[in-house]
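Notes to accompany the following structure.
Right, here's the structure in full:
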């Protein structure tokens, strides 16, 4: 039975699709992985010809779930869709990528509310993405997140060009810093999924 890893946040621009792609790409040599792009904009679908990770549209979700993949990554649109609660129920882990910004903190509230209403808060983890170096804002935002009672990853991804380029290079192997960061986050995600 495949482990389903959902990536969701109602705010666009938090690097959700890129993070989803990099986690899947990082597992592709050791496991059978794929991505289902639920976003009607089809950001990841647009690169499927270049990708070493199979990328499917939302129409293929049921077929993919019933196939022999080890991990299925689901990328959701940057708005609260009607099927988010259903996707939360289906998932083994729910990743909520966020930037360390005030607007991102405000926007995350409604995403967390849906996750809690579907009684899936124990599966959820907030991941700081596109973190700017040498700033105290990340710690300030992290302290604010305590009120939401959702696990926050200790692993953060920096705002590196390597992550932006990764979708056409099939990963970040050429950048040691980016690879180390995605490796650390992948290990944390796999540990949670294995529980």
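In the working numbering, the protein residues as written are 64 to 258. Every residue, glycine too, gets a C-beta built ideally from N, C-alpha and C. Bear in mind the structure is a predicted one, so any value in this text is a computation, not a measurement.
Cβ contact annotation for residue 129 (same chain, cutoff 6 Å, sequence separation greater than five): none. Residue pairing of residue 138 in beta bridges, as defined by DSSP: 70 and 100. Among the bridge pairs identified by DSSP, residue 191 is matched with 161. The beta carbon of residue 154 lies closer than 8 Å to those of 67, 68, 69, 137, 183 and 186 in the same chain, with the five residues before and after it left out. When rounded, the separation of the alpha-carbon atoms in residue 140 and residue 239 is 30 Å.
The beta carbon of residue 132 is closer than 8 Å to those of 65, 95, 96 and 97 in its chain, skipping five residues each way along the sequence. Annotation for residue 120: the continuous beta strand (DSSP E) segment containing it runs 118–120. Between the alpha carbons of residue 91 and residue 115 lies a distance of about 8 Å. Distance from residue 82 to residue 192 at the Cβ level is roughly 6 Å; contact confirmed, criterion being Cβ atoms closer than 8 Å.
In this structure residue 173 is exposed. Its beta-carbon is surrounded by fewer than 16 other beta-carbon atoms within 10 angstroms. Counting of Cβ neighbours within 10 angstroms places residue 165 among the exposed residues, the total staying below 16.
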